[in-house]
Amino acid sequence: MTLVLNEEQLMLKESARDFLQQRAPLSHLRELRDSGNTRGYSPELWSEMADMGWTAILVPEQYGGLEYGYSGLGIVLEESGRTLTPSPLLSTCLMGVTALTTGGSDEQRRKYLPEVAAGSHLLALAVNESSVHAPCSVATAAQASGEGFSLTGRKTAVIDGHNADTLIVSARTRGTEHEADGISLFLVPADHPGIHTERYRVLDTHTAAHMTLDKVEIGPDAVLGELHRGMAVLDPVLNAGAIGQSAELLGVAQEAFERTLGYLKERKQFGVLIGSFQALQHRAAVMFGDIEQCKSIVLKGLRALDKGDENLSEIASLIKAKLSETAHHVTAEAIQMHGGIGMTDEFDIGFFLKRCQILETFLGDHYFHLDRFAGQRGY
Amino acid sequence: MTLVLNEEQLMLKESARDFLQQRAPLSHLRELRDSGNTRGYSPELWSEMADMGWTAILVPEQYGGLEYGYSGLGIVLEESGRTLTPSPLLSTCLMGVTALTTGGSDEQRRKYLPEVAAGSHLLALAVNESSVHAPCSVATAAQASGEGFSLTGRKTAVIDGHNADTLIVSARTRGTEHEADGISLFLVPADHPGIHTERYRVLDTHTAAHMTLDKVEIGPDAVLGELHRGMAVLDPVLNAGAIGQSAELLGVAQEAFERTLGYLKERKQFGVLIGSFQALQHRAAVMFGDIEQCKSIVLKGLRALDKGDENLSEIASLIKAKLSETAHHVTAEAIQMHGGIGMTDEFDIGFFLKRCQILETFLGDHYFHLDRFAGQRGY
Amino acid sequence: MRELEQFRSDVRAWLEAHCPESMREPYRSEADVCWGGRNWKFQSEDQEIWLRCMAEKGWTAPTWPAQYGGGGLDREHAKILKQEMSRIKARPPIYSFGIAMIGPALLKYGSEELKMQHLPPIVRGEIRWVQGYSEPNAGSDLASLQARADDQGDHYIVNGSKIWTSYGEKGDWMFALIRTDSEAPKHQGISLILFDMQTPGISTRPIQLISGKSPFTETFFENTRMEKNQVVGEPNQGWTIAKYLLTHEREMIGETGNLQSGAELLSHIAVKKLGLDNGRLSNPVLRTDIARFEIDEVCHQLTMERARDETKAGASLGPSASMFKYYGTELNKRRYELLMAVGAQDALIWEGADSNEGELARRWLRSKGNSIEGGTSEIQLNIVAKRILGLPG
Amino acid sequence: MRELEQFRSDVRAWLEAHCPESMREPYRSEADVCWGGRNWKFQSEDQEIWLRCMAEKGWTAPTWPAQYGGGGLDREHAKILKQEMSRIKARPPIYSFGIAMIGPALLKYGSEELKMQHLPPIVRGEIRWVQGYSEPNAGSDLASLQARADDQGDHYIVNGSKIWTSYGEKGDWMFALIRTDSEAPKHQGISLILFDMQTPGISTRPIQLISGKSPFTETFFENTRMEKNQVVGEPNQGWTIAKYLLTHEREMIGETGNLQSGAELLSHIAVKKLGLDNGRLSNPVLRTDIARFEIDEVCHQLTMERARDETKAGASLGPSASMFKYYGTELNKRRYELLMAVGAQDALIWEGADSNEGELARRWLRSKGNSIEGGTSEIQLNIVAKRILGLPG
């Protein structure tokens, strides 16, 4: 398979871009923020996205989906990175669907996937327990209770946690706090009375939540995948999440870079265009090259997800580490090269820096992924 | 005490510079190399240095020295970094003397220091056992034998090992391989028949040696400092060594930078001086600032040695780490900015890169010292 | 020497007698700072007493000549005053751009008349000064400013705008760079003019930053009358004074990095947040990044110390100030990057949960402006390359 | 499709029959490379047989037209040949600047006469070509070259010198850029001229590098006669061809980074040298630096792969070649920096002990030239900024 988009994918890219530029340009994010919206995304826009078929991209045909694969969803995520459009695509349509297709029983898939594909059911992943991403550090307890389980513990940084209809919660069914074995995943209705949600807004108006579970009673059919072996499902989900975030970061970095390049070509100082200063030219050239590299590996990562590559953990961490560092650098340089105006809220460029920091940090920053990459490579 | 040189120090700096520029400019190093000299330094020059009093700078007055302190010796080392002059100043006059003044009995001092001050006795530190600097990793055994000890083991990267009259050898008198406790230091005559020396030349014609000790029998008076507590002497010696290397690296970096700056002001390309290219200007400006910072901390480090600062380990590692990274960057940039001519052996700038790599690496590179710094700071 | 010791004991006794207890503790927040000015509301009686006492002695501006209300102290005496104040942790009686910026410029370039008019009220904290340099389209190319003064014989009529004025809406008087000769080469037609912010035709508008509210304002002039006798130095020679003020500002910003480090050490915060594992931070790479940062911070501080030692009695740092400005602001940006990494997912919180209103994230965002305001990092490197290294072009 | 499959099985059978066993193993050292040329001494009979057989089929230059001795294969067929050769790990029959550099330029710009004269001997490996571009004072500003050809009616007389010619003393013919019109603007008075290195008035001198001996030479022309019919393309139009050749060279250098990684993986060497501690390299920071390097290496390789996929059938990479040249060489420099860090004190050994004659240190030093030769990194970034990003100036 060559590293270029095929015709069908190019069409999807174009239609995604058209839709987002028209219906959800950057001013959409600003409006959401200024209107004090508490969901962190627009339900109206979400139902339009569902109409576009985006919520169904990853869902298998037999459950009402388009089965268009990660490469397809990645294209949409990349474009939504350009417009910084908030939506539950990552939490529900990428990670939620991956969890169900990887670990879900046929019954569970039938229960959730058609509704997800229709855009009428949201999922969220509750796997962290501290500020630092560490999926194996699970203290939340799932104790046998009747035929099912009783969950008690606290989950942090649940993206879309307060918007979700169903939570995918990791909890310990045996072993000690930092062990991978003994972690199990559970599908838990978000409106369960034992769940307390503290919603918060992150720096660019996207939202997340900390969630406290107090004796949340669930049936035996709530187990996702095998008991004690939740990491066998969670690992692929987090790999898909990291690559999906990277696709979005790629959009963020490209747009921030292109806007900056445009500014370099129009802003004059000392009687000349600032883009004629060699120091800025060299910095821009390196950013260009870095972004080109990011394009290649994101494409590769999405392909690897589609074909179920056996080195997915290594690939996912490679990509997330590189995209985090590149997008971080590019969005910070974007402010610096815009100068004073880049610091004002009135101007849009600062939103890219904010979104970048969020995507970088959630589900593991470059420190986490560099470490994981080296581990996967055996050193 | 202010961070500026006093009048006396300024005079020493000037006389050191005059002497080295006249008697041992860079062509001296080249001659040594091309003549196939096996000592790695010129004994004639060494006796002139002794006449200048440099060998006596650190030696206390009561043992025939000048007692002019680390600040004085640092000035000479910095200047010899500018001319890349090879000599046993670091191994004998800095580290050797520090070992004796820190841990030596009065008898030991009387035995060695006057000769060292006169330039007629050389010392070398044999503390490493592998390629990576790790002073606590000591497997060389010192077994009780009669009233004294019998040393067996292998020491690596002994600077001036083959030139020395007396070796300062670390060996284990108790404990296990990586423990600090149980390491003892011994003064061993270098011509002892149980010592086998493999001399080698490093990349810029300086020399060092690996040394094998096979049942080297020594008396009880050979112990330097307290038995089992050799690290109490070795730590200060290595701190002084790191700061001394840093002073030399400062000279290396300054000279490489100044030569490069000169080249930027004389070399034309595309009809203009290459120093007018903004990308090079910004890189040069940052190098200048980094070197200014290096000047400040080397000065501070030498002062700290003179007053016996209690945080010497922290300070020494801070300085060595910063100087290593800065000088490394500056000497590599020096090649790049000189272009093709910088790659030729005929031109001198490449010697700075070589010397820098040696000073950086011996006695711990930036990885070693960054780790040690953080450890000293409690994290 | 005896005289100095006597002075020290006098100062100590005076401070003991006059500095209120509540003025001897560190600021709890920015709200504790005393800015002075026409509309100033003292936060406490002690704050008012402390300012009055100090102003009476001229010690709000210790080195200014006594005839302008200053303390008339030489460097050595002023240093003793500073040491004695910090001994009892006395707060500065006032924080004033008048004392820090326009005052020194007036002493160096102002006419006797202007000095007599403006310096004493500055010493007393009666007038709050703000600065008007930048313009929306000028950016780094400050001299390309366009706010224009038309000569009307005995006065000027000014039109245009200024941006990035700190606390512009709270200012009583402004010192601004205004183009007084549109025909001259751009560096030669600029004057430094002083004017009352209540003059008709002046309005201000607050600027919102990516980090949220800010002290910055934009200032607009619409047919604003300015008096010719309020020009500092010669008309059209304002650029020289502007450069003096900029260097002065850069030195102050360079120092800021220094002050920041007085705050809690980055490594302490990291240890608290991330915990130790066998005595080491459990994230070994972040650990190294922090070590590199702490090393560079020490390097910067010691270099400023060395420069102070070298320049000794009042000599200007000159172009070195650009180097310090560059390193000070780049360090501060790195500090906040590392704090964000230490804070990880919690550091993203802007509103809700226990985020302290996103304080860390806001400071991180705000720090991005450090390498832009007061002359961008690029400009500082240009200055170092050209004026210190003597590179051409 | 059927035809291609048939071709594949024919090639496979032919290779099986003709490629000597000893030519089916990787080079043990550089000494195993076959360079060809007038004075070539084959290292083995097999080496000679292998070159002869391949040359006879024209497969030393598979895509060149058959009338010039080439294989006459299109891209698809050539790819199959390549795949089949690498299937049995066949060594390239020859490594030749003739095939890689001047051949393609002649095919694109040369007259029929020049093609007929030079291409067949290149295919047969009879003439070893070397290049003459750089001059001691030209550096990055290649077009400022000064080697000068004076028009003598039917021939030129050339004076000047060339530097950085690889294997200049072993070359049979040189292609060189020579100024043929001193009056014209600097890009417009240059010609690409071919000449026999045995021509009277040509001498060479080896260049010693900081890493030791090198294949580079300096070449001197003293009243050297060159024939006018050996100018490639039109006289004074050599700059166009030079740019084509440079882009070509950059692509090749970009690929080099790629080949290097075929060598033992950096992380494997580090594990061997430093050992693992709980499954991790015991130096956690070096570990991260290595991880970053390996990541960037994959990024570079995949981007070259993507570019090849995008440019598909023969389209030139154009200015992107500059990006690949930049990344490929910077990566190679980083690789050697990390190898030196892994090697630590042992890596400093130049002579004596078990240093393998300082091989690592020499390669590290040699790598510093990567970002200078073939156009400096600065030049590549300039090209990206101007020709890809469209930045002004």
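Chains as they are written, first to last, in this note's numbering: chain A, 14 to 392; chain D, 14 to 392; chain V, 437 to 829; chain S, 437 to 829. Ideal Cβ positions, reconstructed from N, Cα and C, are used throughout, including at glycine.
Item	Value
Members of the region 141-152 of chain D near chain S, C-beta cut-off 9 Å	141, 143, 144, 145, 146
CB contact flag (residue 514 (chain V), residue 559 (chain V), <8 Å)	no
Beta-carbon proximity list for residue 115 (chain D), same chain, < 7 Å, skipping 5 on both sides	246, 249, 250
Residue 598 (chain V) (DSSP reduced to helix, strand or coil)	strand
Cβ separation of residue 87 (chain D) and residue 340 (chain D), assumed to be a contact under 8 Å, to the nearest whole Å	Wrong, their Cβ atoms sit about 15 Å apart, outside the cutoff.
Inter-stretch contact (C-beta, 8 Å, three-pair minimum) for the region 225-237 of chain D and the region 160-180 of chain D	yes
Contacting residues, own chain, Cβ-Cβ under 6 Å from residue 667 (chain S) (five flanking each side not counted)	627, 629
CB of residue 382 (chain D) within 8 Å of CB of residue 781 (chain S), strictly	no
Host alpha helix (DSSP H) of residue 341 (chain D) (start-end)	325-351
Below-8 Å beta-carbon distance, residue 345 (chain A) vs any chain D residue	no
Contact set for residue 695 (chain V): own chain, Cβ-Cβ below 7 Å, skip 5 residues either direction	Here the model assigns residue 695 (chain V) a pLDDT of 41, short of 50, so the residue's position is not dependable and the matter cannot be decided.
Cβ contact (3+ pairs, closer than 8 Å) linking the region 295-309 of chain A and the region 808-823 of chain S	yes
Neighbour flag for residue 759 (chain V) against chain D, beta carbons, 8 Å	yes
Residue-chain proximity (residue 303 (chain D), chain S), Cβ-Cβ < 8 Å	no
Segment contact, 8 Å Cβ cut-off, at least three pairs: the region 370-389 of chain A with the region 327-347 of chain A	yes
Amino acids of chain A, ordered along the chain, whose beta-carbon sits closer than 8 Å to that of residue 680 (chain S)	Per Cβ cutoff of 8 Å: no residues; residue 680 (chain S) is ~22 Å from chain A at best.
Beta-carbon neighbours of residue 829 (chain S), restricted to chain A and to distances below 9 Å	285, 286, 288, 289, 290, 291, 294
Proximal chain A residues relative to residue 724 (chain V), where beta-carbon distance stays under 8 Å	Near residue 724 (chain V) there are no residues of chain A at all, since even the closest Cβ is about 11 Å away, more than 8 Å.
Three or more C-beta pairs below 8 Å linking the region 590-605 of chain S and the region 710-719 of chain S	no
Neighbour flag for residue 808 (chain V) against chain A, beta carbons, 8 Å	yes
Partners in chain D for residue 785 (chain S), counting only beta-carbon separations shorter than 7 Å	213, 215
Residue from V:533, V:448, V:824, V:580 with nearest C-alpha to residue 563 (chain V)	V:533
For residue 223 (chain D), the three-state DSSP class (helix, strand or coil)	strand
Cβ contact check for the region 347-367 of chain A and the region 260-269 of chain A: 3 or more pairs under 8 Å	yes
The ligand SAM heavy atom lying under 7 Å from the CB of residue 317 (chain A)	As presented, the structure is devoid of all ligands, the ligand SAM included, so that no description of it is given.
For residue 713 (chain S), three-class secondary structure by DSSP	strand
Residue-chain proximity (residue 721 (chain V), chain S), Cβ-Cβ < 8 Å	yes
Where residue 42 (chain D) falls, given that 16 or more other Cβ within 10 Å makes a residue buried	buried
Contacts of residue 15 (chain D) in chain V (Cβ-Cβ under 7 Å)	745
With 16 other Cβ atoms within 10 Å as the buried cut-off, status of residue 693 (chain V)	Low per-residue confidence applies at residue 693 (chain V): pLDDT is 44, beneath 50, and the placement is therefore not dependable, though the value from the model is reported in the following sentence. Residue 693 (chain V) is buried by the Cβ-count criterion.
With 16 other Cβ atoms within 10 Å as the buried cut-off, status of residue 252 (chain A)	buried
Interface residues of chain D facing residue 612 (chain S) [CB-CB closer than 8 Å]	Under the 8 Å cutoff, chain D gives no residues; its nearest Cβ is about 17 Å from residue 612 (chain S).
Coarse secondary structure for residue 818 (chain S), derived from DSSP in three states	helix
Amino acids of chain A, ordered along the chain, whose beta-carbon sits closer than 7 Å to that of residue 825 (chain S)	274, 297, 298, 301
Within-8 Å CB hit, residue 818 (chain S) to chain A	yes
Buried or exposed by the 16-neighbour rule on C-beta atoms within 10 Å, applied to residue 768 (chain S)	buried
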